[in-house]
Amino acid sequence: MVVKSESSPRYALDVNAERVDDVVTHQRLLEEARDPERRPALSVRVVQEFTHLCDMSDDTDHSVHLISRPMHEITFATIDKPKLLSQLTCLLAELGLDIQEAHAFSTIDDYSLDVFVVTGWHLEVHS
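Counting in full-length UniProt numbering, the sequence shown runs from 1 upward without gaps.
What follows is the structure in structure tokens.
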């Protein structure tokens, strides 16, 4: 199974085709999506920490704090169908995730690979 646009400049720009592990993950997910019992195939990974300044000042304390939030990349592979991107976007919104980036690709054999970079998925830290 080959992503139709994998050799095109768009796939290379959107997915950083130089990162072999990304391309391998996409190929693995598309292969898993061929099995109806494993569909949709899904991959989640932390891609970076998003840090921003937060003004925590009140009348007595004028302090500024750095707040760090993880960003995750969520990749879906499944059979392509109309409105799939819209349905996945709604699903992520219902989970309380904020989509920062979205990339959608179609394969020549009618599968879809949808990659989202999201914030809002908080990690639990156990001590």
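Glycine included, C-beta positions come from ideal geometry on N, C-alpha and C.
Treat the numbers as computed from the prediction; the structure is a model and nothing was measured.
Worksheet item: At which residues does the beta strand (DSSP E) containing Glu101 begin and terminate?
Response: Locating residue 101 in the sequence shown gives position 101, counting from the first residue. It spans 98 to 106 - the beta strand (DSSP E) in which Glu101 sits, taken as one unbroken run.
Item to complete: Just tell me which of Glu101, Asp80, Lys81 has its CA closest to the CA of Met71.
Response: Within the sequence shown, the letter at position 71 stands for residue 71. If we check each option's Cα against that of Met71, Glu101 comes out closest.
Fill in: Enclosing beta strand (DSSP E) for Asp21 [first to last residue]
Start at 1 with the first residue of the sequence shown, and residue 21 comes out as number 21. Counting along the chain, Asp21 falls outside any beta strand (DSSP E), though it belongs to the alpha helix (DSSP H) covering 20 to 32.
Worksheet entry | Identified DSSP bridge partners for Ser43 | Your numbering for residue 43 matches position 43 in the sequence shown. Ser43 pairs with Thr75.
Worksheet item: Quick one: is His122 buried, meaning 16 or more other Cβ sit within 10 Å of its Cβ, or exposed?
Response: Here the question's residue 122 lines up with position 122 in the sequence shown. Its Cβ having fewer than 16 others within 10 Å, His122 is exposed.
Worksheet item: Given a threshold of 16 other Cβ atoms within 10 Å of its Cβ, counted over all protein chains shown, does Val125 qualify as buried or as exposed?
Response: The residue labelled residue 125 in the question sits at position 125 within the sequence shown. For Val125, the predicted structure reports a pLDDT of 47, less than 50, and the residue's modelled location is therefore unreliable. A value from the coordinates is still provided. Looking at its Cβ environment, which holds fewer than 16 other Cβ atoms inside 10 Å, Val125 is exposed.
Worksheet item: Span of the alpha helix (DSSP H) holding Leu113?
Response: Along the sequence shown, read from residue 1 onward, the residue named residue 113 stands at position 113. Leu113 -> not in any alpha helix (DSSP H); beta strand (DSSP E) instead, spanning 111 to 119.
Fill in: Which residues DSSP lists as bridging Arg38, in chain order
Here residue 38 refers to the residue found at position 38 of the sequence shown. Note: Arg38 sits in no beta bridge, so no partner.
Item to complete: State the start and end residues of the unbroken alpha helix (DSSP H) segment that holds His91.
Response: On the sequence shown, position 91 is the one that residue 91 refers to. Sequence inspection shows Leu at residue 91; the His mentioned does not correspond to that position. Residues 84 to 94.
Worksheet entry | Own chain residues within Cβ distance below 8 Å of Gln48, not counting five before or after | By 1-based counting over the sequence shown, the position of residue 48 is 48. The answer, listed in chain order, is Pro70, Met71.
Worksheet entry | Straight-line gap, Arg28 to Arg45 (C-alpha atoms, nearest Å) | Locating residue 28 in the sequence shown gives position 28, where the first residue counts as 1. Locating residue 45 in the sequence shown gives position 45, where the first residue counts as 1. Computed Cα separation, rounded: 15 Å.
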